[in-house]
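Numbering (our numbering), first residue to last: 171 to 336. Note that the Cβ used here is the ideal one computed from N, Cα and C, for glycine as well. Remember, it's a predicted structure, so these values are computed and weren't measured experimentally.
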Ligand SMILES: [Zn+2]
């Protein structure tokens, strides 16, 4: 397999991740080539999955082209645009799967060179923004609202320091 090589939607980019799960939802083809998704974030995903008992974890969003990212209100600096992020929607608390706070903790332990956050990350843009100051860590405002029991968890592997928490 070479970088840029075209993949089929049902090809695997990792033992438990198929192309259709991480490809840009607009159908532009971003995510359907070998190397489109960063191997670090995929490896982190596999490790998180294993730590959670090997249960399936839905990937809401992986690769996003700029156009699609803008269309869904993503931050212009979103790691999704670089193929370095995944939004996860796990079956919290079902069949022994960890509840969300525990799941976030597992993600934090495993994601070493990027960040872990909630949906609000897309809006706030990460470290340094006013919202970040307000929210002060994992979970964000939405986390406060719902007690941290529900919601997507964003993981990314952008290597720019510092490590982000929001
Ligand atoms: Zn697209």
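Asked: Residue 181 - DSSP class collapsed to helix/strand/coil; Found: coil
Asked: Beta-bridge pairing of residue 175 - partner residues as DSSP gives them; Found: Answer is none; residue 175 lacks a bridge partner.
Asked: Between the CA atoms of residue 279 and residue 250 - distance to the nearest angstrom; Found: 21 Å
Asked: DSSP state of residue 320 mapped onto helix, strand, coil; Found: coil
Asked: Buried/exposed call for residue 254, threshold 16 Cβ in 10 Å; Found: buried
Asked: Nearest residue (CA-CA) to residue 217, options 321, 269, 187, 201; Found: 187
Asked: Segments of 3+ residues assigned as beta strand (DSSP E) that fall wholly inside the segment 190–249; Found: 228–231
Asked: Heavy atom of ligand 1 within 8 Å of residue 196 beta-carbon; Found: yes
Asked: Contact test: residue 238 Cβ vs ligand 1 heavy atom, cutoff 8 Å; Found: yes
Asked: Test item: CB-CB of residue 225 and residue 261 under 9 Å; Found: yes
Asked: Range of the contiguous alpha helix (DSSP H) that encloses residue 277; Found: 270–280
Asked: Cutoff 8 Å; reference residue 203; Cβ partners in own chain excluding five residues on either side; Found: 173, 174, 175, 176, 177
Asked: Cβ neighbours of residue 229 in the same chain (closer than 8 Å, five flanking residues each side left out); Found: 187, 191, 192, 215, 256, 257, 258, 259
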